[in-house]
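Novice: Structure in structure tokens, see below.
Numbering (this note's numbering), first residue to last: 4 to 476.
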């Protein structure tokens, strides 16, 4: 997947991993969206926003920070209407600030448009260059703005305009578009990001990155949005169309490994059960003699349960999470990640002292968290710390919105498993195999993206891998 002439066509500051939520035809659309975004807070903690519509006027409110801190009851009251879309985000390699917080709201002579996006457009720089050459002026550094310019330049019925715009876009995306009295929903043709449709009340429709948010607001899950699908939601119901016939089903494996909440269903697979099965497979592949198994809260706990059940080594609560802390992997910079590890967890000395410990976590990206956890467990008196990871070694950058976009960030890109073991201070270290991960999650052959594990990217990348996400001089 190399670019012609070695030209880099992706900007470093437009990568993001987020969550989207939408409500159509409900009298409390903004309030439901607020609660939906709270349920999706784990997908991004840097900023959030809502755009609502009463059928005539679109209104917007957004801010930097957590959902509960950005919105007050007064803000929600001002977001009048029966339709709404919302977004939680964090920037992965720059592109922060209020201007990049979504949903975006655009005004033109052809009417207003609100949009939000989860994913990353891999040909963003190429499209942006083309649009600027024909007169577009960009207000943000986000790749999401590109689709608005493409839509506004097309003519005809709105569903045709959106379809034509999406044909030019490559990468991962779950888009929500809101107009005065319509919402459109689209998913990339590889199906790299999760997106679901639900129902609430007699006539209300919900759209969410994860099913957990649909349930959190009292809705009922209907179905997943299919790869390459474009849905038009209006008063008469939901109209399904496809902007591409060249579709696959290659869900990002990190959704199961880390991002999604355990109570979410992704294409019929419960995330908790998938992680637990991976723990069982990991115990089969990487046997160890130990006294107790400890899971890293929160996403490592499910695999730890499976590891304990399969290995017959007792599961103990050896690490306690400070409930006021947030996820360190999605902190926007390394300093905050390191501070977050210290603040968020503490070891239970009475459980750990004198024991041979198996520490189960979901992944090792930079090595920051696991190294500090091992030191914490050793300080609590552990005799040995055997680390078991329920995802394979992450050796290659992600181009689809997950927060490891350069080789320099990936410890497994430059060090062997044995070298990583020494670097983090573990007694032993083992990762689940790619085959084991696929078996544990339970997806069908070929229906997954494993690019960060084995360089098998599902789309054209538009740049030399050796120059992944670097600024060329």
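Even for Gly, the Cβ is constructed at its ideal location relative to N, Cα and C.
This one's a predicted model, so the numbers in the text were calculated from it and none came from an experiment.
Would you please state the rounded distance, in angstroms, between the beta carbons of residue 235 and residue 242? I believe it to be under 8 Å.
Specialist: Contact holds; Cβ gap of about 4 Å.
Novice: Per DSSP, what kind of secondary structure is residue 105 in: helix, strand or coil?
Specialist: Here residue 105 sits in coil by DSSP.
Novice: Report the partner residues of residue 123 according to the DSSP bridge assignment.
Specialist: In the DSSP output, where bridge partners are listed per residue, residue 123 has 175.
Novice: Would you kindly work out how many angstroms separate the C-alpha atoms of residue 460 and residue 174, rounded to a whole number?
Specialist: Rounded to whole angstroms, residue 460 to residue 174 spans 10 Å at the Cα level.
Novice: Looking at the structure shown, is residue 483 part of a helix, part of a strand, or coil, going by DSSP?
Specialist: Outside the displayed range of the chain (4 to 476) lies residue 483, so it cannot be described from this structure.
Novice: Among the residues of its own chain, which have a CB less than 7 Å from the CB of residue 307, if the five just before and after it don't count?
Specialist: If we look at residue 307 and ignore the five residues flanking it on each side, its Cβ neighbours are 282, 296, 297, 298, 318 and 363.
Novice: Give the range of the alpha helix (DSSP H) segment to which residue 425 is assigned.
Specialist: 420-427 is the span of the alpha helix (DSSP H), which, as asked, contains residue 425.
Novice: According to DSSP, is residue 396 part of a helix, a strand, or is it coil?
Specialist: Three-state DSSP puts residue 396 in coil, outside helix and strand.
Novice: Closest to residue 147 by C-alpha separation, out of 403, 398, 439 and 265, would be which residue?
Specialist: Checking every option, the nearest Cα to that of residue 147 belongs to 403.
Novice: Are residue 429 and residue 390 closer than 8 Å when you measure CB to CB?
Specialist: Yes, they are a contact pair.
Novice: Compute the beta-carbon to beta-carbon distance between residue 190 and residue 151, rounded to the nearest angstrom, for a pair I have assumed lies under 8 Å.
Specialist: About 18 Å separates the two Cβ atoms, so there is no contact after all.
Novice: Does the segment 246-264 come into contact with the segment 413-425, if we say contact requires no fewer than three beta-carbon pairs (one atom in each stretch) closer than 8 Å?
Specialist: At 8 Å Cβ cutoff, the stretches do not touch.
Novice: Around the C-beta of residue 193, are 16 or more other C-beta atoms found within 10 angstroms, so that it is buried, or is it exposed?
Specialist: Buried, by the Cβ-count rule.
Novice: Does DSSP put residue 162 in a helix, a strand or coil?
Specialist: Residue state, collapsed to three classes: helix.
Novice: Return yes when the Cβ of residue 233 is within less than 8 Å of the Cβ of residue 165, no when it is not.
Specialist: Yes.
Novice: Three or more C-beta pairs closer than 8 Å, one from the segment 195-210 and one from the segment 23-31: is that the case here?
Specialist: In short, these stretches touch, since the Cβ pair count reaches three.
Novice: With burial defined as no fewer than 16 other Cβ atoms inside 10 Å of the residue's Cβ, what is the status of residue 135: buried or exposed?
Specialist: The residue in question, residue 135, is exposed, as its Cβ has fewer than 16 Cβ neighbours within 10 Å.
Novice: Just to confirm the assignment, what range does the alpha helix (DSSP H) spanning residue 154 have?
Specialist: It spans 148-156 - the alpha helix (DSSP H) in which residue 154 sits, taken as one unbroken run.
Novice: Report the CB separation of residue 264 from residue 215 in whole angstroms; it is logged as a contact under 8 Å.
Specialist: 5 Å between Cβ atoms; contact.
Novice: Rounding to the nearest angstrom, what Cα-Cα distance links residue 95 and residue 401 in this structure?
Specialist: In this prediction, residue 95 has a pLDDT of 48, which is less than 50 and means its spatial position is unreliable; nothing more can be read from the coordinates.
Novice: Taking Cβ to Cβ, would you say residue 288 is nearer than 8 Å to residue 397?
Specialist: The answer is no: Cβ separation not under 8 Å.
Novice: In angstroms with no decimal places, state the Cα-to-Cα distance between residue 373 and residue 314.
Specialist: Spanning the two alpha carbons is a distance of roughly 22 Å.
Novice: Helix, strand or coil: which one does DSSP assign to residue 21?
Specialist: If DSSP states are grouped into helix, strand and coil, residue 21 belongs with the strands.
Novice: Between residue 37 and residue 53, what straight-line distance do the alpha-carbon atoms span, to the nearest angstrom?
Specialist: Near 8 Å, if we compare the C-alpha coordinates of residue 53 and residue 37.
Novice: To test your reading of the DSSP string, which unbroken alpha helix (DSSP H) runs of 4 or more residues are found completely within the segment 245-298?
Specialist: Listed in chain order, the complete alpha helix (DSSP H) runs (minimum 4 residues) inside the segment 245-298 are 274-288.
Novice: Report the CB separation of residue 56 from residue 237 in whole angstroms; it is logged as a contact under 8 Å.
Specialist: Not a contact, Cβ separation roughly 12 Å.
Novice: Assuming residue 91 and residue 43 are in contact, meaning their beta carbons sit under 8 Å apart, how far apart are those beta carbons, in whole angstroms?
Specialist: The Cβ separation is near 5 Å, so the contact holds.
Novice: Buried or exposed for residue 382, please, with buried defined as at least 16 other CB atoms from any protein chain shown within 10 angstroms of its CB.
Specialist: Exposed, by the Cβ-count rule.
Novice: With 16 other CB atoms within 10 Å as the buried threshold, where does residue 46 fall?
Specialist: When all chains shown are included, residue 46 counts as buried.
Novice: Among the candidates 456, 395 and 40, whose CA atom is the shortest distance from the CA of residue 212?
Specialist: For residue 212, the nearest C-alpha among the options comes from 40.
Novice: At the level of alpha carbons, what is the spacing between residue 229 and residue 413?
Specialist: Answer to the nearest angstrom: the Cα atoms are 32 Å apart.
Novice: Taking its Cβ as the centre, do 16 or more other Cβ atoms sit within 10 Å of residue 438, making it buried, or is it exposed?
Specialist: The residue in question, residue 438, is exposed, as its Cβ has fewer than 16 Cβ neighbours within 10 Å.
Novice: Measuring alpha carbon to alpha carbon, tell me which of 268, 320 and 361 ends up nearest residue 292.
Specialist: Closest option to residue 292, Cα to Cα, is 361.
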